[in-house]
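Visitor: Residue numbers (the UniProt record's numbering): 1 to 345.
Ideal Cβ placement from N, Cα and C applies to all residues, glycine included.
Sharing a structure with you now.
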Ligand code: WQD
């Protein structure tokens, strides 16, 4: 009998790739998404890739009555992966109350409904932003690294949501949870049927690189080349979104396993730090396409350098990032070309 998983934000970038991998692994998936930052056509794409159409409910997780209706309609939901959230760092500084309301209320609604419907486990989409700028001796960063004061309301919602889950479990709630702290998810599905769809001018690096390479953007600005790093540009841990999606399948099996701890935390990264300049060079090498770029002043709020020590996820989840940076960047470029072919971008 297939276990049923509720994926909130399942038509989004990471959510859609994770739904593909969950269905490939034999789970039945129910997607809940309010389409505020994604399109319903992504459901068609997931079906095209896997041959299975996930159930889809156009519901806002902040609407508790509607969310309750989803659990009542699908009473065999055993686990949840919670992606649905507002996630733009800059926007969170301009609209903090929108971020606090959306990101807290959606999670609290889910946590309150879980025991009512016998839902055993939840996987929460967290972020390496909870570490802030790790101290040099804490790089690569492990799950034991100190949590630093958030640099943005967005980052603060990730930290506080982790605490909400921790406090709820410590209060005796009959649920289990796994917190997955992502590093920088990039790339698109190898079929180019689904991928990253930024709204408007991309904030994140990879969509800006591919749109500049496509001629949609005039020039990529590399924010700062005066950091304390080998080439002066920031360092990040860029992880292929499909590898990240597979980490969720491993985590789901574990959170539904009655023998594991009630609350566990895992860093999900490659373990390799790559600078912005190194990434641009790797993109040009992987695709043969030149990127018009220049150095620009630092971007406010940027962390200088952060990359993961993924040993705990490797050993406990039995998960490893498997895809090379070049293949990952080639997938992003193939997706950008697909969007151009379809007249979307
Ligand atoms: C990466 C690097 C920039 C754009 C954020 C969130 C994180 C997660 C991923 C949601 C930085 C540089 C970027 C550009 C550049 N979001 N850059 N020129 O800031 O590491 O992480 O997105 O889960 O929580 O904080 O990602 O892609 O914006 O930047 O030089 O036009 O690329 O300075 O060093 P970031 P990013």
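What whole-angstrom Cβ distance do residue 187 and residue 240 have, given they're in contact under 8 Å?
Guide: The residue you call residue 187 lines up with position 187 of the chain shown. The residue you call residue 240 lines up with position 240 of the chain shown. Indeed they touch by this definition, with Cβ atoms about 5 Å apart.
Visitor: So residue 59 and residue 11 are supposed to be a Cβ contact under 8 Å. How far apart are they, rounded?
Guide: For this step, residue 59 is matched to residue 59 along the chain shown. For this step, residue 11 is matched to residue 11 along the chain shown. 12 Å between Cβ atoms; not a contact.
Visitor: Indicate the three-state DSSP secondary structure (helix, strand or coil) for residue 386 in the structure shown.
Guide: Past the edges of the chain, shown from 1 to 345, lies residue 386, and the structure says nothing about it.
Visitor: Applying the 10 Å Cβ sphere with the 16-neighbour rule, what's the burial state of residue 246?
Guide: Walking along the chain shown from the start, residue 246 turns up at place 246. Residue 246 should be labelled buried.
Visitor: Between residue 237 and residue 308, which are expected to be in contact by the criterion C-beta below 8 Å, what is the C-beta distance as a whole number of angstroms?
Guide: Numbered from 1 along the chain shown, position 237 holds the residue referred to as residue 237. Numbered from 1 along the chain shown, position 308 holds the residue referred to as residue 308. Contact flag correct, Cβ pair sits at about 5 Å.
Visitor: Taking the continuous beta strand (DSSP E) assigned at residue 55, which residues delimit it?
Guide: Along the chain shown, one-based indexing puts residue 55 at 55. Its beta strand (DSSP E) spans residues 55-57.
Visitor: To the nearest angstrom, how far is the alpha carbon of residue 199 from that of residue 219?
Guide: In the chain shown, residue 199 corresponds to position 199, counting from 1. In the chain shown, residue 219 corresponds to position 219, counting from 1. Taking the straight line joining both Cα atoms gives about 18 Å.
Visitor: Under the three-state reduction of DSSP, which class applies to residue 31: helix, strand or coil?
Guide: Residue numbering aside, residue 31 sits at position 31 when the chain shown is read from its first letter. Note: residue 31 maps to strand in three-state DSSP.
Visitor: Please classify residue 201 as buried or exposed, where buried requires at least 16 other C-beta atoms within 10 Å of its C-beta.
Guide: The count along the chain shown starts at 1 and reaches residue 201 at position 201. It counts as exposed.
Visitor: Which same chain residues end up closer than 7 Å to residue 117 when comparing Cβ atoms and leaving out the 5 residues on each side of it in sequence?
Guide: The count along the chain shown starts at 1 and reaches residue 117 at position 117. Contacts found: 71, 75 and 77.
Visitor: For the beta strand (DSSP E) that residue 296 lies in, which residues bound it at each end?
Guide: Numbered from 1 along the chain shown, position 296 holds the residue referred to as residue 296. Run containing residue 296: 293-296, per the beta strand (DSSP E) assignment.
Visitor: Pull up the DSSP beta-bridge partners for residue 185, would you.
Guide: One-based indexing of the chain shown puts residue 185 at position 185. 239.
Visitor: Could you name the residues that DSSP lists as bridge partners for residue 121?
Guide: Taking the chain shown and counting its residues from 1, the one referred to as residue 121 is at position 121. Bridge partners of residue 121: 79 and 176.
Visitor: Return the bridge partner residues of residue 220 from the DSSP annotation.
Guide: By 1-based counting over the chain shown, the position of residue 220 is 220. Looking at the DSSP assignment, residue 220 forms a beta bridge with 293.
Visitor: Rounded C-beta distance between residue 56 and residue 125? I'm assuming under 8 Å.
Guide: Counting from 1 along the chain shown, the entry for residue 56 is found at position 56. Counting from 1 along the chain shown, the entry for residue 125 is found at position 125. Not confirmed; about 19 Å, so no contact.
Visitor: Should residue 127 be listed as close to ligand 1, given that the test is whether its C-beta is under 8 Å from any heavy atom?
Guide: As a position in the chain shown, residue 127 is number 127, starting the count at 1. Answer for residue 127: yes, Cβ within range of ligand 1.
Visitor: If you draw a straight line from the C-alpha of residue 19 to the C-alpha of residue 193, how long is it?
Guide: Residue 19 sits at position 19 when you count from the first residue of the chain shown. Residue 193 sits at position 193 when you count from the first residue of the chain shown. If you take the alpha carbons of residue 19 and residue 193, they lie about 13 Å apart.
Visitor: DSSP three-state call for residue 199: helix, strand or coil?
Guide: Within the chain shown, numbered from 1, the residue matching residue 199 stands at position 199. Residue 199 falls in the coil class under three-state DSSP.
Visitor: Within its chain, find whatever has a CB closer than 8 Å to the CB of residue 280; leave out the 5 residues flanking it on each side and keep chain order.
Guide: Sequence index remark: in the chain shown, residue 280 carries index 280 (1-based). For residue 280, where only same-chain residues beyond five positions count, the Cβ hits under 8 Å are 209, 220, 222, 291 and 293.
Visitor: CA-CA distance, residue 101 and residue 132?
Guide: Mapped onto the chain shown, residue 101 falls at position 101. Mapped onto the chain shown, residue 132 falls at position 132. Cα-Cα distance, rounded: 23 Å.
Visitor: So residue 264 is in the beta strand (DSSP E); what residue range does that whole segment cover?
Guide: Residue mapping note: residue 264 aligns to position 264 of the chain shown, counting from 1. 263-268 is the extent of the beta strand (DSSP E) around residue 264.
Visitor: Take every Cβ of the segment 263-273, pair it with every Cβ of the segment 333-345, and state whether three or more of those distances are shorter than 8 Å.
Guide: Segments in contact, no.
Visitor: I'd like the list of long-range same chain contacts for residue 332, defined as Cβ closer than 7 Å, with 5 residues on each side in sequence excluded.
Guide: Numbered from its first residue, the chain shown carries residue 332 at position 332. If we look at residue 332 and ignore the five residues flanking it on each side, its Cβ neighbours are 186, 187, 188, 206 and 210.
Visitor: Hey, would you say the C-beta of residue 272 is under 8 Å away from at least one heavy atom of ligand 1?
Guide: For the purposes of this step, residue 272 is taken as residue 272 along the chain shown, with counting starting at 1. Not so, every heavy atom of ligand 1 lies at least 8 Å from the Cβ.
Visitor: Quick check: what's the CA-CA separation for residue 41 versus residue 52?
Guide: In the chain shown, counting from the first residue as 1, residue 41 sits at position 41. In the chain shown, counting from the first residue as 1, residue 52 sits at position 52. Near 14 Å, if we compare the C-alpha coordinates of residue 52 and residue 41.
Visitor: Just to check, is the beta-carbon of residue 347 closer than 8 Å to a non-hydrogen atom of ligand 1?
Guide: Nothing can be reported for residue 347, as the shown portion of the chain is limited to 1 through 345.
Visitor: Quick one, which of 197, 204 and 91 has its alpha-carbon nearest residue 153's?
Guide: Residue mapping note: residue 153 aligns to position 153 of the chain shown, counting from 1. Measuring from the Cα of residue 153, the nearest candidate turns out to be 91.
Visitor: As an exercise, report each continuous beta strand (DSSP E) stretch of at least 3 residues that is fully enclosed by the segment 306-340, in chain order.
Guide: The qualifying runs do not exist here; there are none.
Visitor: Can you look up residue 36 in the DSSP assignment and give me helix, strand or coil?
Guide: Here residue 36 corresponds to residue number 36 of the chain shown, with the count starting at 1. It is coil, neither helix nor strand.
Visitor: With a Cβ-Cβ cutoff of 9 Å, do residue 120 and residue 176 count as a contact?
Guide: Residue 120 sits at position 120 when you count from the first residue of the chain shown. Residue 176 sits at position 176 when you count from the first residue of the chain shown. Contact flag set, yes.
Visitor: Say the cut is 8 Å; is the CB of residue 299 nearer than that to a heavy atom of ligand 1?
Guide: By 1-based counting over the chain shown, the position of residue 299 is 299. Correct: residue 299 has its Cβ closer than 8 Å to ligand 1.
Visitor: Since residue 127 sits in a beta bridge, which residues does DSSP pair it with?
Guide: The count along the chain shown starts at 1 and reaches residue 127 at position 127. Beta-bridge pairing links residue 127 to 182.
Visitor: Would you check whether ligand 1 has a heavy atom nearer than 8 Å to the C-beta of residue 148?
Guide: Taking the first residue of the chain shown as 1, we reach residue 148 at position 148. It does not: the Cβ of residue 148 is nowhere closer than 8 Å to a heavy atom of ligand 1.
Visitor: Once DSSP output is grouped into helix, strand and coil, what is the label at residue 191?
Guide: Your numbering for residue 191 matches position 191 in the chain shown. Here residue 191 sits in coil by DSSP.
Visitor: Buried or exposed: where does residue 285 fall if 16 or more other Cβ atoms within 10 Å of its Cβ makes it buried?
Guide: As a position in the chain shown, residue 285 is number 285, starting the count at 1. Classification for residue 285: exposed.
Visitor: For residue 136, which option in 317, 184, 336 and 229 has the closest C-alpha, if you only look at C-alpha atoms?
Guide: Here residue 136 is taken as the residue at index 136 of the chain shown, counted from 1. Closest option to residue 136, Cα to Cα, is 229.
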